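K.L.:
One structure coming up, written as structure tokens, with questions to follow.
Number of protein chains: 2
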Amino acid sequence: MTGQLEARSATTALARLSINQATANSASLPQLIEVCRAAGVSAVGLWREPVRSMGVQQAAAMVTDAGLRVSSLCRGGFFPALDAAERARRIEDNKRAIEEAAGVGTDVLVLVAGGLPDGSRDLGGGRGMVLAGVAALVDHARAHGVRLAVEALHPMFCADRCVVVTLDQALDLAEQFPADVVGVVVDAYHVWWDPNVGEQIRRAGPRILSYQVCDWTTPLPAGVLVGRGMMGAGAIDLRRMTEQVRATGYDREVEVEIFNEELWALPPSELVGRVTSSYLRHVAPWA
Amino acid sequence: MTGQLEARSATTALARLSINQATANSASLPQLIEVCRAAGVSAVGLWREPVRSMGVQQAAAMVTDAGLRVSSLCRGGFFPALDAAERARRIEDNKRAIEEAAGVGTDVLVLVAGGLPDGSRDLGGGRGMVLAGVAALVDHARAHGVRLAVEALHPMFCADRCVVVTLDQALDLAEQFPADVVGVVVDAYHVWWDPNVGEQIRRAGPRILSYQVCDWTTPLPAGVLVGRGMMGAGAIDLRRMTEQVRATGYDREVEVEIFNEELWALPPSELVGRVTSSYLRHVAPWA
């Protein structure tokens, strides 16, 4: 009886958990969907490349048939380039990403700004290209019922991956556009260090389109991309941040996105089991 | 004749260059002083450990005899600890650092806050310990004619090295104390990514006690500590930042602090030669 109650309680607690596909980087999409379904996970966050190689419609059908939702599609963006024709090509590619998001059944396209163009030191210029890029997508996004979620990445990625590095900066950008089309991602890994993150989350309010969690562990590996840890393994006060996000009224999925080679080496079912138990312990009670 | 003019011009341009001892990590202090003197470098930034192993007075005499100045002593700080007795021990150690700074002939002691205590996720608490630590040092610093320079480190060091991660945050802390005792370091490597760094440098104004330069290069190495590049090798717009610092009236040394294993492997004279030529090209014209 206790076991049944606990099982029901866990199912409820998992109702908003989404596992980002990159967390299970070694699993195929069918494998990920099957282990998520079996584990009671409610949603998945998808990436463009595997979705496109399977076919957008087929990926959408597979998720729906398993009774899951798609919480977001990763990712558009990467706007800065020195050559105007290249910038235009990237905007066209972002329009395809918008269509893919709609096609796969999510209203959230995550945008990672992109880093400095090769050899450039003009951060202000790069940031201006990001603003222009988002502006060029707003109508297309609205027409497809997709919202653009600007993600601030940790400042250690500023040069080579994302010139948008704080939640305030993402909001300064997003607020230049209607709230029903442009919002932000709050990814705990990227913003936890910010002395003003609590105020920024309050400011973000209904602009928060995605809340992502993992943990900050040290030492960082070479390249710093795949050093993320399971929730509870690191320095981030996930309880506090989750409460701050909830206080804004956020009721969308909580997406677990962990880039970690040790986790990628696990069988998908074990990986998803670890994610759900870590999520239930360190995030769900406050989500 | 042109050669003589250029030589005089370079000497003038080097008048404010200081080479931090960590940049020449493989050189002994006597070696560093000799190559700096020979190259026309005006000052050195010293570290506590090598100064103490040589003896504070002897280190001071060696620098002075070579006609050099000491721009700063690295470093005090590392305040957060869960145990009150341990925090008190660290404050005592910082008092020794103040005395060593005075003894070695500099009025600037660089403070690196310290990371989260082991197992702690309480960033606010850790930051409070830093504030309390600085407060406990102000009288001792003033009595020794030493100014405490709070350094914001890049947010990628927040967990394990320095919970002070933006210049604004360093200023919020410093401004709780008199400007003649507590100021800040502006280290280009640590703050270049910040969308508001220009405003923060203006705000810092006369609180800037040290301006440090190197460059941001990618990919970052494992552990991310020794991935700094020579000025001009990376993404930082050093001209712009140097102009911003100069606009505050800053006229102290410009200290080159590069943690880089390839540079450490060079003979000290070649390393210092590279530093001076990079400084003359990428920093000095705007300093």
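Protein chains in written order, with this note's numbering: chain D, 7 to 293; chain S, 7 to 293.
Ideal Cβ placement from N, Cα and C applies to all residues, glycine included.
The structure displayed is predicted, hence computed values, not measured ones.
Check the DSSP bridge columns for Arg153 of chain D and list the partner residues they point to.
P.N.:
Within the first sequence, the letter at position 147 stands for residue 153 of chain D. According to DSSP, which records beta bridges pairwise, Arg153 of chain D is partnered with D:Val114.
K.L.:
Is any beta-carbon of chain S found at less than 8 Å from that of Met7 of chain D?
P.N.:
Position 1 of the first sequence, counting from 1, holds the residue named residue 7 of chain D. Note that Met7 of chain D has pLDDT 45, beneath the 50 cutoff, so the model's placement of it is unreliable and no number is given.
K.L.:
Would you call the stretch 75-84 of chain S and the stretch 40-58 of chain S touching, i.e. three or more CB-CB distances under 8 Å?
P.N.:
Cβ pair count under 8 Å is three or more, so yes.
K.L.:
For Gly172 of chain S and Gly211 of chain S, which I take to be in contact (beta-carbon distance under 8 Å), what is that distance rounded to the nearest angstrom?
P.N.:
Position 166 of the second sequence, counting from 1, holds the residue named residue 172 of chain S. Position 205 of the second sequence, counting from 1, holds the residue named residue 211 of chain S. It is Thr, not Gly, that sits at residue 172 of chain S in the sequence shown. Thr172 of chain S to Gly211 of chain S, Cβ: 16 Å. No contact.
K.L.:
Pull up the distance between the alpha-carbon of Ser275 of chain D and that of Val41 of chain D, whole angstroms please.
P.N.:
Within the first sequence, numbered from 1, the residue matching residue 275 of chain D stands at position 269. Within the first sequence, numbered from 1, the residue matching residue 41 of chain D stands at position 35. If you take the alpha carbons of Ser275 of chain D and Val41 of chain D, they lie about 5 Å apart.
K.L.:
May I ask you to list the residues that DSSP assigns as paired with Ser216 of chain D?
P.N.:
On the first sequence, position 210 is the one that residue 216 of chain D refers to. For Ser216 of chain D, which the question treats as bridged, DSSP gives the partners D:Val191.
K.L.:
Assuming Arg81 of chain S contacts Val116 of chain S (C-beta within less than 8 Å), just tell me the rounded distance between them.
P.N.:
For the purposes of this step, residue 81 of chain S is taken as the residue at position 75 of the second sequence. For the purposes of this step, residue 116 of chain S is taken as the residue at position 110 of the second sequence. Confirmed, about 4 Å.
K.L.:
Below 8 Å between beta carbons: does that hold for Gln63 of chain S and Gly125 of chain S?
P.N.:
Numbered from its first residue, the second sequence carries residue 63 of chain S at position 57. Numbered from its first residue, the second sequence carries residue 125 of chain S at position 119. No. Outside cutoff.
K.L.:
If we ignore side chains and look at the alpha-carbon of each, how far apart do Ala176 of chain D and Gln182 of chain D end up?
P.N.:
As a working note, residue 176 of chain D is residue 170 in the first sequence. As a working note, residue 182 of chain D is residue 176 in the first sequence. For Ala176 of chain D and Gln182 of chain D, the distance between alpha carbons rounds to 10 Å.
K.L.:
Identify each residue in the stretch 146-180 of chain S for which the Cβ-Cβ distance to at least one residue of chain D is less than 7 Å, and report them in chain order.
P.N.:
Answer set for the stretch 146-180 of chain S: His160, Pro161, Met162, Cys164, Ala165, Asp166, Val171, Thr172, Gln175.
K.L.:
I'd like to know whether the C-beta of Leu129 of chain S is nearer than 8 Å to at least one C-beta of chain D.
P.N.:
Counted from its first residue, the second sequence places residue 129 of chain S at position 123. Yes - at least one Cβ of chain D is within 8 Å of the one on Leu129 of chain S.
K.L.:
Can you list, in chain order, the residues of its chain whose CB lies under 6 Å from that of Met247 of chain D, leaving out five sequence neighbours each side?
P.N.:
Within the first sequence, the letter at position 241 stands for residue 247 of chain D. Correct list, in chain order: Ala194.
K.L.:
Does DSSP classify Gly120 of chain D as helix, strand or coil?
P.N.:
Position 114 of the first sequence holds residue 120 of chain D. Strand.
K.L.:
Starting from Gly229 of chain S, find everything on chain D with Cβ-Cβ shorter than 9 Å and list it in chain order.
P.N.:
By one-based count along the second sequence, residue 229 of chain S stands at place 223. The answer, in chain order, is Thr224, Pro225, Leu226, Pro227, Ala228.
K.L.:
Are the C-beta of Leu272 of chain S and some C-beta of chain D separated by less than 8 Å?
P.N.:
Start at 1 with the first residue of the second sequence, and residue 272 of chain S comes out as number 266. With 8 Å as the cut-off, Leu272 of chain S does not count as an interface residue toward chain D.
K.L.:
In angstroms, rounded to a whole number, what distance separates the CA positions of Val136 of chain S and Arg96 of chain S?
P.N.:
In the second sequence, counting from the first residue as 1, residue 136 of chain S sits at position 130. In the second sequence, counting from the first residue as 1, residue 96 of chain S sits at position 90. Between Val136 of chain S and Arg96 of chain S, the C-alpha separation is close to 11 Å.
K.L.:
Would you tell me roughly how many angstroms separate the C-alpha atoms of Glu249 of chain S and Gly204 of chain S, rounded to the nearest one?
P.N.:
Within the second sequence, residue 249 of chain S is the residue found at index 243, counting from 1. Within the second sequence, residue 204 of chain S is the residue found at index 198, counting from 1. Each residue's alpha carbon lies about 10 Å from the other.
K.L.:
Considering only C-alpha positions, which residue in the set S:Cys164, S:Leu286, S:Gly61, S:Gly131 is nearest to Asp89 of chain S?
P.N.:
Working through the second sequence from its first residue, we reach residue 89 of chain S at position 83. It is S:Gly131.
K.L.:
Should Ser24 of chain S be labelled buried (16 or more other beta-carbon atoms within 10 Å of its own) or exposed?
P.N.:
Start at 1 with the first residue of the second sequence, and residue 24 of chain S comes out as number 18. Buried.
K.L.:
Would you call Gly151 of chain S buried or exposed, if buried means 16 or more other Cβ atoms sit within 10 Å of its Cβ?
P.N.:
Here the question's residue 151 of chain S lines up with position 145 in the second sequence. Gly151 of chain S comes out exposed.
K.L.:
Run through chain S and tell me which residues come within less than 7 Å of Ala241 of chain D, C-beta to C-beta.
P.N.:
Along the first sequence, one-based indexing puts residue 241 of chain D at 235. The answer, in chain order, is Leu122, Arg127, Ala165.
K.L.:
Since Glu261 of chain S and Asn26 of chain S are thought to touch, with beta carbons under 8 Å apart, how far apart are those beta carbons, to the nearest angstrom?
P.N.:
As a working note, residue 261 of chain S is residue 255 in the second sequence. As a working note, residue 26 of chain S is residue 20 in the second sequence. Confirmed, Cβ separation roughly 5 Å.
K.L.:
By the DSSP assignment, the beta strand (DSSP E) with Val76 of chain D in it spans what residues?
P.N.:
Mapped onto the first sequence, residue 76 of chain D falls at position 70. Its beta strand (DSSP E) spans residues 75-83.
K.L.:
Run through DSSP, which three-state label would Leu20 of chain D get?
P.N.:
Residue 20 of chain D sits at position 14 when you count from the first residue of the first sequence. In this structure, Leu20 of chain D counts as coil in the three-state DSSP scheme.
K.L.:
Is it the case that the stretch 151-160 of chain S contacts the stretch 178-192 of chain S, given that we only count it when at least three CB pairs across the two stretches are under 8 Å?
P.N.:
Yes: at least three Cβ pairs fall under 8 Å.
K.L.:
Could you spell out where the alpha helix (DSSP H) holding Ala45 of chain D opens and where it closes?
P.N.:
Residue mapping note: residue 45 of chain D aligns to position 39 of the first sequence, counting from 1. Counting along the chain, the alpha helix (DSSP H) containing Ala45 of chain D begins and ends at 35-45.
K.L.:
So the alpha helix (DSSP H) Trp270 of chain S belongs to, where does it begin and stop?
P.N.:
Taking the second sequence and counting its residues from 1, the one referred to as residue 270 of chain S is at position 264. Segment 267-270, the alpha helix (DSSP H) holding Trp270 of chain S.
K.L.:
Are the C-beta atoms of Pro201 of chain S and some chain D residue less than 8 Å apart?
P.N.:
Position 195 of the second sequence holds residue 201 of chain S. It does: the Cβ of Pro201 of chain S has a partner Cβ on chain D nearer than 8 Å.
K.L.:
Give every residue of the same chain whose Cβ lies closer than 6 Å to the Cβ of Ala21 of chain D, excluding the five residues on either side of it in the sequence, and list them in chain order.
P.N.:
To locate residue 21 of chain D, count along the first sequence from 1; it is residue 15. Within the same chain, Ala21 of chain D has close Cβ partners Ser48.
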